[in-house]
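> Submitted below is the structure of interest, expressed as structure tokens.
Residue numbers (the UniProt record's numbering): 1 to 378.
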């Protein structure tokens, strides 16, 4: 047997118990009725964890009027979609127009006609259900598109890194470093997550650099550096300009992550806060990981030497405020560095999740404060 669906909830708001009784008698057979005899009580019910599906609202009440209640609810993004039907003795065209302008979906005059009340409530609840289902489908589709874009960005980032570094773990490490720096600097979860998901594209332009230059086991000459300095522009062109925030952030990072705080970077010699914040964050994450990792042209720096060098470059290469944030996150940065170490082999994001969960369960003391922010992004 198909289980019965719970009844939809209707909030009846009126300072007259008699009017509440009349409306309740008309609707209680088909709906769950909740009542409020004042505007203040009505708002408490609407803002509760179980808001009503529809509100029948009197206009003339002591304290908060129905019009003021409607105005407040329509100004609240979390509750503005709840349909409001005014039920009132105020029957002039001007009164009706004012109520509808405030966001009510309908207007019923007293004394009520039970068939009209039932029909209009049924109609607006059906429309509300359709609206919520459409919003759910849009949210689901938007989430699917966002996930697809994130995966494309991260796969392309890995593709660029495989050309430069066989393990490809650099983009995974520095993406986590970038998010940690962003969060420590005060960016919110959404902004930090966007940086996390777009940082892997920072070196996508290296796809356009000849292997003889990219993998040269030694210093580049002036002509080779000139070619290498084109990879941020190539990366920005590969990604292209977009209205979508995720892709546009990826383009900005690709173009700006080699700029320096003192204006001596490339390709546009931007200085200070002329450099986009995302590029300044990724610059720190990228350089730190490059310093402490083996490259075709150099061995890995010892951690203390790398940190000393980065401190010397604070105010020259790096934004001083962001370097403070980097220092705050250093214990978590080092944890990410250990887990994503190149000698562990190229870890996919899923493999990292599994390994982290497994290690934490088998040795909780060894993984204090597991990086919940990492789990949310992977």
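C-beta atoms are modelled at their ideal positions from N, C-alpha and C, and glycine is treated no differently.
Between 31, 11, 51, 75, which lies nearest to residue 87 when the distance is taken from Cα to Cα?
The residue from 31, 11, 51, 75 with its alpha-carbon nearest to that of residue 87 is 11.
> Does the Cβ-Cβ distance between residue 283 and residue 292 come in under 8 Å?
no
> From this set, 14, 190, 120, 18, which residue's C-alpha is nearest residue 69's C-alpha?
14
> Should residue 350 go down as buried or exposed, given a rule of 16 or more other Cβ atoms within 10 Å for buried?
With a pLDDT of 45 at residue 350, under the threshold of 50, the predicted position of this residue should be treated as unreliable, though the coordinate-derived value follows. By the 10 Å Cβ count, residue 350 comes out exposed.
> What would DSSP say about residue 20, mapped onto helix, strand or coil?
In the structure shown, residue 20 sits in a helix (DSSP, three-state: H, G or I).
> Identify, in the order they occur along the chain, each residue of the same chain with its Cβ nearer than 8 Å to the Cβ of residue 357, setting aside the five sequence neighbours on each side.
The pLDDT assigned to residue 357 is 41, lower than 50, so where the model puts this residue is not dependable; a value taken from the coordinates is nonetheless given after this. Closer than 8 Å at Cβ, skipping near neighbours: no residue.
> Measuring alpha carbon to alpha carbon, tell me which of 277, 98, 49, 340 ends up nearest residue 78.
49
> Taking residue 382 as the reference, which of 46, 216, 212, 199 has the closest Cα?
No information on residue 382 is available, as it lies outside the stretch 1 to 378 that the chain covers here.
> Quick one, are the C-beta atoms of residue 107 and residue 94 less than 8 Å apart?
no
> Flag this pair as yes or no: are the beta carbons of residue 81 and residue 131 separated by less than 8 Å?
yes
> Shortest alpha-carbon distance to residue 287 belongs to which of 270, 311, 274?
The residue with the shortest Cα to Cα distance from residue 287 is 311.
> Could you give the DSSP three-state label for residue 106: helix, strand or coil?
strand
> What residue from 332, 316, 19, 203 has the CA that sits closest to residue 380's CA?
For residue 380 there is no data in the structure shown, the boundaries of the chain being 1 and 378.
> Within a Cβ cutoff of 8 Å, which residues of the same chain sit near residue 242, ignoring the five residues on either side of it in sequence?
248, 251, listed in sequence order.
> Taking the runs of the alpha helix (DSSP H) that are 4 residues or longer, which of them lie wholly in the segment 183-218?
189-198, 211-214
> Measuring CB to CB, does residue 16 end up less than 8 Å from residue 34?
Here residue 16 is not near residue 34, since their CB atoms are 8 Å or more apart.
> Helix, strand or coil for residue 32, going by three-state DSSP, please let me know.
strand
> On the premise that residue 61 lies in contact with residue 39, defined as a C-beta separation below 8 Å, what is that separation, rounded to the nearest angstrom?
6 Å
> I need the DSSP call for residue 79, collapsed to helix, strand or coil.
coil
> Along the alpha helix (DSSP H) that carries residue 247, what are the first and last residues, could you check?
Segment 245-256, the alpha helix (DSSP H) holding residue 247.
> Do three or more CB pairs link the segment 177-194 to the segment 219-236 at distances below 8 Å?
no
> The beta strand (DSSP E) with residue 294 in it runs from where to where?
Neither: residue 294 is in no beta strand (DSSP E) and is coded neither H nor E.
> Please return the same chain residues whose Cβ sits closer than 8 Å to the Cβ of residue 22, not counting the five positions on each side in sequence.
So the list reads 112, once near-sequence residues are dropped.
> Between the alpha carbons of residue 275 and residue 253, how many angstroms are there, rounded?
10 Å
> Whole angstroms are fine: how far does the CA of residue 102 sit from the CA of residue 277?
Rounded to the nearest angstrom, the two C-alpha atoms are 41 Å apart.
> Do the CB positions of residue 57 and residue 66 come within less than 8 Å of each other?
In this structure, residue 66 lies closer than 8 Å to residue 57 by Cβ.
> What is the DSSP secondary structure of residue 175, reduced to helix, strand or coil?
helix
> On the DSSP bridge assignment, give the partners of residue 11 in chain order.
34, 55
> For residue 368, collect the residues of the same chain with a Cβ closer than 8 Å to its Cβ; drop the 5 residues on either side in sequence, then sort them by chain order.
Model confidence at residue 368 stands at a pLDDT of 31, short of 50, so the residue's coordinates are unreliable; what they give is reported in the following sentence. Counting only Cβ-Cβ distances below 8 Å, and skipping sequence neighbours, we find nothing.
> Please report the distance separating the alpha-carbon of residue 236 from that of residue 259.
14 Å
> How do the segment 173-186 and the segment 326-346 stand: do at least 3 beta-carbon pairs fall below 8 Å, yes or no?
yes
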